[in-house]
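Please read the structure below before turning to the comments.
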Amino acid sequence: MIEVENLTKKYGDLVAVNNLSFKVEKGKIWGLLGPNAAGKTTTMRILTGYLPATEGRARVAGFDVFEETNEVKKNIGYLPENVPLYPEMTVQSFLSFVAEIKQIPGTKRKEAVIKTIEISGLESVKGRLIKNISRGFKQRVGIAQSLIHDPPVLILDEPTSSLDPAQIIEIRGLIKSLKGERTIILSTHILAEVTQVCDGVVIINEGRLMASGSLEELTSSFRKKEGVFIRLRKSGQEIAHLLSSIPGVEKVTPEDDGFSLEWGKGKNIQDNITKFIVDKELGLVEMKPLALNIEELYLSVISGGREQ
Amino acid sequence: MRNAWTICKKEIKTYFTSPIAYVVITVFLVLVGFFFYSLIWWFNSQSLQMARNPYYYQQLNINQMVYSPLFHNISIILLLMIPLLTMRLFSEEKKIKTDELLYTSPLSVNQIILGKYFASLIVLVAMLALTGILALFTFVYGNPETAPVLNGYLGLFLVGASFMAVGIFFSSLTENQIVSAILTFGALLLFWILNWAAYSAGGFWKGVLNYLSIFQHFDDMTKGILDTTDVVYYLSFSFFGLFLTHSVIQSRRWR
Numbered sequence: 013m014i015e016v017e018n019l020t021k022k023y024g025d026l027v028a029v030n031n032l033s034f035k036v037e038k039g040k041i042w043g044l045l046g047p048n049a050a051g052k053t054t055t056m057r058i059l060t061g062y063l064p065a066t067e068g069r070a071r072v073a074g075f076d077v078f079e080e081t082n083e084v085k086k087n088i089g090y091l092p093e094n095v096p097l098y099p100e101m102t103v104q105s106f107l108s109f110v111a112e113i114k115q116i117p118g119t120k121r122k123e124a125v126i127k128t129i130e131i132s133g134l135e136s137v138k139g140r141l142i143k144n145i146s147r148g149f150k151q152r153v154g155i156a157q158s159l160i161h162d163p164p165v166l167i168l169d170e171p172t173s174s175l176d177p178a179q180i181i182e183i184r185g186l187i188k189s190l191k192g193e194r195t196i197i198l199s200t201h202i203l204a205e206v207t208q209v210c211d212g213v214v215i216i217n218e219g220r221l222m223a224s225g226s227l228e229e230l231t232s233s234f235r236k237k238e239g240v241f242i243r244l245r246k247s248g249q250e251i252a253h254l255l256s257s258i259p260g261v262e263k264v265t266p267e268d269d270g271f272s273l274e275w276g277k278g279k280n281i282q283d284n285i286t287k288f289i290v291d292k293e294l295g296l297v298e299m300k301p302l303a304l305n306i307e308e309l310y311l312s313v314i315s316g317g318r319e320q
Numbered sequence: 125m126r127n128a129w130t131i132c133k134k135e136i137k138t139y140f141t142s143p144i145a146y147v148v149i150t151v152f153l154v155l156v157g158f159f160f161y162s163l164i165w166w167f168n169s170q171s172l173q174m175a176r177n178p179y180y181y182q183q184l185n186i187n188q189m190v191y192s193p194l195f196h197n198i199s200i201i202l203l204l205m206i207p208l209l210t211m212r213l214f215s216e217e218k219k220i221k222t223d224e225l226l227y228t229s230p231l232s233v234n235q236i237i238l239g240k241y242f243a244s245l246i247v248l249v250a251m252l253a254l255t256g257i258l259a260l261f262t263f264v265y266g267n268p269e270t271a272p273v274l275n276g277y278l279g280l281f282l283v284g285a286s287f288m289a290v291g292i293f294f295s296s297l298t299e300n301q302i303v304s305a306i307l308t309f310g311a312l313l314l315f316w317i318l319n320w321a322a323y324s325a326g327g328f329w330k331g332v333l334n335y336l337s338i339f340q341h342f343d344d345m346t347k348g349i350l351d352t353t354d355v356v357y358y359l360s361f362s363f364f365g366l367f368l369t370h371s372v373i374q375s376r377r378w379r
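The structure is reproduced here in structure tokens:
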């Protein structure tokens, strides 16, 4: 649905996006992850036809961003980082203005506005001036304007920035509910957002691609071993020593309130571990798989990039 | 064209939901009314004096003595007011970042510019039409010639339209409305008085400076002369303003 090939954008001498390539499949939510000034916004602006690229190609919904810009604009919904709202308009009149400039035919316009208000939960504020509604509602209006023409592709630039925690959860819920047939790219520097909302991720730093793929693919490719975290009623060095005698376990690391055990990829030795603990009466309190979390992944990818 | 009309409707709505249009139109009408009153009062007193002398009485002409100076006065008021009407057209969009919405919608830059320009012309027509109430009095109580009056209004419209185009251009340059208004005002005033420099210049440059001056072309029109050169001048002036606006917006995107 979205294909980016060797995209480069230079502002004078500054290279904002450097030879970036990635692909997003239809019906998926992908996160564009990276530190501030990594080139996230620039990439999105190029995809939406707001900025031209210096080099490279990009296709959205089957149309070339540089050759068929107008078609791309019709097939894309875009929420910029600074939500573009006219403070003097009411929510409803703003949305009907957007419906008009997005070329929704006159007869369907009213229906589109009503439907969008419903989807984005704006019923209670539809008659109010945009300048008088809360930040959370403004963000909702921003999302509403991006999906009013029912585009197959949504591009959301930091959709949850500067919201309070309750609003963040609401907006994430809204974004997830939009998935369905749509392909969504959202940029963020909040790592938790990616694991909660996205199916895949593109990590960029200083304009360059660091990693991309579905979350499972990425975490498994970066993890060479599997493992579990266990919490026992007993603790101490001798317990750690005891645990390392379990057949198959390669590494035992004592942590604050338990131990993590690791073993080579592909072996299935969880049963050995539980049996061992029960036999030795170590008092098992908790046991959970040791997942490489997105934070570790992100840091290893970003720092890996720096070393190159 | 429909897209330009969408933008135009939005701009008209913005003009009349904020106080700007009301304030500008009110102040404009108060000033025009004052000039009109003074000119009519002067014309009346002249008529009374001349009434004793039938030869001079024949020479009295309301078109020359009231309308011609009135049109000049109105054009100066427009020079002061129009920068205030155009200053927000592009500056505001840039400041509140709504330009990103417009430029990522399936609209062309031309449609956006024309929409905004038409909206400003509609406000201009409203301003001029409202002064028609004053003109109506002269037709009820006197007998001015209609054609020169209409010609004068056409002149005012063309002058106003050129001013608007210059205003839109400066509005596209900056996101600060005050800066936009001041630059517009400065540029318009300079064009207005360009013919002053023509006095000292000689030969070729005299002609060029005279041709470029807004004043030279307007003067004819207030006297009831409709010259296609003048009309072409104003139309090309407006076109050039809008063309520069288009270049500014495009260059911003391609930088």
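Chains as they are written, first to last, in the working numbering: chain A, 13 to 320; chain B, 125 to 379.
We put the beta carbon where it would ideally sit given N, CA and C, even for glycine.
Contact between the stretch 215-234 of chain B and the stretch 287-301 of chain B is established, with three or more Cβ pairs separated by less than 8 Å. At a cut-off of 7 Å between beta carbons, E135/B makes no contact with chain A.
At a beta-carbon threshold of 7 Å, the residues of chain A lying near T138/B are E100, ordered along the chain. Just so you know, the alpha carbons of R377/B and E274/A end up roughly 53 Å apart. The residue among Y179/B, N187/B, A145/B and L226/B with its C-alpha nearest the C-alpha of Y277/B is N187/B. By the criterion of a C-beta distance shorter than 8 Å, K114/A is surrounded in its chain by K86, I160 and H161, once the five residues flanking it on both sides are discounted. For M205/B, the enclosing alpha helix (DSSP H) covers residues S192 to T210. Distance between W316/B and L248/B, taken at the CA atoms: about 19 Å. Annotated three-state conformation of I187/A is helix, per DSSP. Contact between Y241/B and L366/B holds: their C-beta atoms lie close to 6 Å from each other, under 8 Å. Distance between G39/A and S286/B, taken at the CA atoms: about 51 Å. Distance between L184/B and L155/B, taken at the CA atoms: about 25 Å. With a 10 Å radius around the Cβ and a threshold of 16 neighbouring Cβ atoms, P207/B comes out buried.
Secondary structure at M299/A: strand, using DSSP grouped into helix, strand and coil.
Two segments are said to touch when three or more pairs of C-beta atoms, one from each, lie closer than 8 Å; by this definition the stretch 138-147 of chain A does not touch the stretch 257-275 of chain B. Counted as a single uninterrupted DSSP element, the beta strand (DSSP E) harbouring P266/A occupies residues K263 to E267. Listed along chain A are Y62, P92 and P96, each with a C-beta nearer than 7 Å to that of E224/B. As a beta-bridge residue in DSSP terms, F75/A pairs with V72/A. Listed as beta-bridge partners of T102/A by DSSP are L141/A. Within chain B, the residues P230 have their CB atoms less than 7 Å from the CB of N82/A, given in chain order.
When Cβ pairs closer than 8 Å are counted between the two stretches, the stretch 189-207 of chain B is seen to touch the stretch 303-315 of chain B, the count reaching three or more. Going by DSSP, R220/A is part of the beta strand (DSSP E) stretching over R220 to S226. By the criterion of at least three beta-carbon pairs nearer than 8 Å, the stretch 40-49 of chain A is not in contact with the stretch 85-104 of chain A. Within chain B, no C-beta atom comes less than 8 Å from the C-beta of Q208/A; the nearest is roughly 27 Å away.
With respect to the 7 Å criterion, F241/A and K300/A are classified as neighbours on the basis of their beta carbons. Within the DSSP bridge table, the entry for F241/A names S272/A and K300/A as partners. Residue pairing by DSSP places V16/A opposite F34/A and A70/A in a beta bridge. In this structure the stretch 116-131 of chain A does not lie against the stretch 252-259 of chain B, because fewer than three pairs of beta carbons, one per stretch, are closer than 8 Å.
Straight-line measurement puts the Cα of V153/A at about 7 Å from the Cα of S132/A. Under the three-state reduction of DSSP output, N168/B falls in the helix class.
Among the residues of the stretch 101-117 of chain A, those with a Cβ less than 9 Å away from any Cβ of chain B are M101, S105, F109, V110, E112, I113, K114 and Q115, in the order of the chain. Across the structure, D283/A and I41/A are spaced so that their CA atoms are roughly 36 Å apart. At a cut-off of 7 Å between beta-carbon atoms, K86/A makes contact with chain B. Counting every other CB atom within 10 Å of its CB across the protein chains shown gives Q157/A a total of 16 or more, marking it as buried.
One alpha carbon belongs to A305/B, the other to N334/B, and they sit about 25 Å apart. Neighbours of S142/B across chain A, judged by C-beta separation under 9 Å: E100.
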